[in-house]
Amino acid sequence: AIEIARLFHDDKCTQVVVLDVCGLSPITNYLVIASGTSERQMRSVLDHAVELAEDRGTPPHTLTKDAGAHWLIADFVDVVAHVFEPNTRAHYDLEMLWGDAREIAWTRPGHQ
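Position 45 of the sequence shown, counted from 1, bears residue number 45 in UniProt numbering, the numbering being contiguous throughout.
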């Protein structure tokens, strides 16, 4: 989850958050949530996350990249990564939905 969050940040996503949903969700342990800047950028960053996971031997179980790309999802089983268009993110507000989840620090030492 931390590696995906860092990759999202490096690929210019904004408002990157990692939530620990262990014990709260029956389907995953961590959520990585980020906002993209454009459909093209969102698709690219999700492709990079898939490449990272495949390099680690954990390809996605499910990948959702619908036309229109307001919300892209990669389900890596233990980690579910979400890349949103900002207005769609505000509408669904996963951080509030998972308000009991603990936020995980993911930034590299010395970086914001």
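Here a beta-carbon is modelled for each residue, glycine too, at the ideal position from N, C-alpha and C.
In this text the structure is predicted, and so the values were computed from the model without any measurement.
Cβ neighbours of Ile-33 within its own chain (closer than 6 Å, five residues either side excluded): Val-17, His-82 and Leu-94. Setting aside the 5 residues that flank it on each side, Asp-100 is surrounded in the same chain by Leu-24, each with a C-beta closer than 7 Å to its C-beta; the list follows chain order.
Per DSSP, Ala-53 is not a residue of any beta strand (DSSP E); the alpha helix (DSSP H) it occupies stretches across 39-55. Each residue's CA atom was taken as its position, placing Thr-37 and Lys-65 some 16 Å apart. A direct Cα-Cα distance of roughly 15 Å separates Pro-86 from Ile-73. Scanning Thr-62, Asp-75 and Glu-39 for the CA closest to the CA of Thr-88 turns up Glu-39.
The beta carbon of Cys-13 is closer than 7 Å to those of Ala-34, Ser-35, Gly-36, Val-45 and Val-83 in its chain, skipping five residues each way along the sequence.
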